[in-house]
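Below is one structure, written out as structure tokens, with a few remarks after it.
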């Protein structure tokens, strides 16, 4: 069986919930990979955004997992095109394969029970059914969609036909559905054969098939990733698989899951999953006389303190602060839209930029200067490059760096520095067994990441 984890960002593009350790020691993405491991599953097929490709691979490498493929979406298009791209890729080798779609921002602590439910759903999927996974509701939740069944579940729930999908309800309707006992939360998990889901797309979303098929056919290989072709991908509608296919299909069944489950798609869900006595504190966060509140700092050097708060979500990120009432965290997308409309970089960029050789983050910016922290992994190297518009000063604060500048090679250790003049051909390498950390000060008329001339194709996109 092929599992297709779908890492996605949440709240803003600069915080990728699946790659954060929001619940437990590893990330949600890593927890998903663990849950989808074992003899039942083939190597995972990952679909993710361009800015998360390197951190996804790094987290898989840390677990000793080699993915079947990592598909890069040129632009966000929701789960409809993403699932279709994964299915089309799998169809090239095995159109009869079983495919499990698994968003990677879920918490499912009982991996064994989950595996049992997936195994129980295999016969129905192999027989041509599209199987949705439904969660036994714990409360009248208004933040989830629901799956309607023909009758209340029995003590020993079996795979059962799906009557309809129900959009996120208001509080009154959610309470009524909970009392009826015929409704399950829609987990967004699906099991089907590749050929059956492709047939459903062809029937219900033929325009999407043409665009995504071309994006897959014209995809390019890039440092081990498969980069979907941008132009045809841009023609695909931004729509969920529920809207595009599931709500129209007539071969749907439901696999009920009674175990513990949470979709950490918003900060209220994170609060619910991590709170103790009503408070959820993470990082350097402190609460004074607060109740039912989440306080989280994403930066060790940034302290957040709440006083007299109730039902508040406050998240301090390196480049933005989110403050919301708990009942409104589903509306954070409105804030993202506002930031995008105003051209704020927080809506589009990722403060910690992961690369094949490590990562960097911007510490300070101003008129004609920028300060970065750069971390180069052991044995890694940046490309040989030069810049048209900026000069750079490098100060090593940890480890030993090998620096090439206009043909001269020099080793720099802690507290040593070097000046890279504008236009000079240079490279940074880490010859040691520990990470190299340096502070880079850029000065010049233009400091964008695209002001790079690379001289070696092997790092063409670093």
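In our numbering, the protein residues as written are 60 to 521.
Quick reminder that beta carbons are idealized off the backbone N, C-alpha and C, glycines included.
Predicted, not measured: the structure shown is a model, and the values here were computed from it.
Taking 8 angstroms as the threshold, find out whether the stretch 205-221 comes into contact with the stretch 276-291 through three or more Cβ pairs. no
Rounded C-alpha distance that separates residue 271 from residue 483: 42 angstroms
Whole-angstrom distance between residue 150 and residue 299, CA atom to CA atom: 21 angstroms
Counting only the same chain and skipping the five closest in sequence on each side, list residues whose C-beta sits under 6 angstroms from that of residue 371. 352
Nearest-angstrom Cα distance between residue 258 and residue 277? 21 angstroms
Quick one: is residue 383 buried, meaning 16 or more other Cβ sit within 10 Å of its Cβ, or exposed? buried
Pairwise C-alpha distance: residue 295 and residue 108: 15 angstroms
Taking residue 438 as the reference, which of 460, 445, 227, 261 has the closest Cα? 460
Inter-stretch contact at 8 angstroms, needing at least 3 Cβ pairs: the stretch 313-333 / the stretch 158-165: yes
Rounded to a whole number of angstroms, what is the C-alpha to C-alpha distance between residue 354 and residue 385? 12 angstroms
Suppose you measure from the CA of residue 337 to the CA of residue 87; what does that come to, to the nearest Å? 22 angstroms
Between the stretch 415-434 and the stretch 493-513, are three or more C-beta pairs nearer than 8 angstroms? yes
Beta-bridge pairing of residue 244 - partner residues as DSSP gives them: 194, 205
Buried or exposed by the 16-neighbour rule on C-beta atoms within 10 Å, applied to residue 528: With the chain running from 60 to 521 in the structure shown, residue 528 is simply not present.
With DSSP as the reference, identify every bridge partner of residue 122, one or two as the case may be. Answer by DSSP bridge pairing: none, since residue 122 is not bridged.
Just reading off the alpha helix (DSSP H) that residue 345 is part of, what are its end residues? Careful: residue 345 lies outside any alpha helix (DSSP H), inside the beta strand (DSSP E) at 344-347.
Status (buried if at least 16 other CB within 10 Å, exposed otherwise) for residue 175: exposed
Which residue spans inside the stretch 322-389 form an unbroken alpha helix (DSSP H) run of at least 4? 326-333
Are the Cβ atoms of residue 157 and residue 222 separated by less than 9 angstroms? no
CB of residue 237 within 9 angstroms of CB of residue 225, strictly: no
By the DSSP assignment, the alpha helix (DSSP H) with residue 395 in it spans what residues? 391-400
Tell me the rounded alpha-carbon separation between residue 412 and residue 421. 9 angstroms
Find the nearest neighbour of residue 414 within the set 468, 209, 114, judged by alpha-carbon distance. 114
Assuming residue 139 is part of the alpha helix (DSSP H), what are its boundary residues? 138-150
Any idea which residues DSSP pairs residue 425 with across the strands? 428
Apart from the five residues on each side of it in sequence, which residues of its chain come closer than 6 angstroms, Cβ to Cβ, to residue 375? 356, 361, 363
Identified DSSP bridge partners for residue 461: 470, 488
Would a C-beta distance cut-off of 9 angstroms place residue 190 and residue 249 closer than the cut-off? yes
Output the residue ranges of the beta strand (DSSP E) runs that lie fully inside the stretch 207-240 and measure 3 residues or longer, sorted by chain position. 219-225
Rounded to whole angstroms, how far is the Cβ of residue 304 from the Cβ of residue 264, which I believe are closer than 8 angstroms? 6 angstroms
Residue span of the alpha helix (DSSP H) that contains residue 266, given as start and end: 265-276
Taking the beta strand (DSSP E) that residue 438 falls in, what are its first and last residues? That residue, residue 438, is in no beta strand (DSSP E); it is neither H nor E in DSSP.
Helix, strand or coil for residue 117, going by three-state DSSP, please let me know. helix
Please return the same chain residues whose Cβ sits closer than 8 angstroms to the Cβ of residue 347, not counting the five positions on each side in sequence. 364, 365, 366, 367
Beta strand (DSSP E) containing residue 414: first to last residue? 411-414
Ignoring anything shorter than 4 residues or poking outside the stretch 282-312, list the alpha helix (DSSP H) runs there in chain order. 289-294
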